[in-house]
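The structure appears below as structure tokens.
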Amino acid sequence: ALLLGSVLGTIAALNQNKLGDYTVIALATAGSTIPTFLIAPVIQLLFGLTWRLLPIGGWGDGAFINKVGPVLTLALPQIAIVARLMRGSMIESL
């Protein structure tokens, strides 16, 4: 969450008042306000059913891919918070 949030915040700060800034801030605001119990089904629908990238359920063989969905669900609000903080700090220091 820290790495991705820092990258997104830096992109937003370097593109202040441009499309990149508005996009990152809109996604960060949505990501920090939407509860995780609503994010989880959306991730399952998109990555599991639509794009077939992640397994929907089951324990599997303990593979790494089985843990990506839950970790992504819990990390998205933290990524959004870090991105907003990084953007604000970089704009203040620039």
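The sequence shown lines up with residues 113 to 206 when you count with the numbering used here. Backbone N, C-alpha and C fix where the C-beta goes; we use that ideal spot for every residue, glycine too.
{"Item": "Residue 192 and residue 143: beta carbons closer than 8 Å?", "Value": "yes"}
{"Item": "Within the continuous alpha helix (DSSP H) that includes residue 184, where are the two ends?", "Value": "177-205"}
{"Item": "Quick test of the definition: if touching needs 3 or more C-beta pairs under 8 Å, does the stretch 150-167 touch the stretch 122-129?", "Value": "no"}
{"Item": "Can you find at least 3 beta carbon pairs, one from the stretch 171-180 and one from the stretch 130-149, that sit closer than 8 Å?", "Value": "no"}
{"Item": "According to DSSP, is residue 128 helix, strand or coil?", "Value": "coil"}
{"Item": "How many Å lie between residue 135 and residue 141 at the Cα?", "Value": "10 Å"}
{"Item": "Where does residue 146 sit, in a helix, a strand or coil, going by DSSP?", "Value": "coil"}
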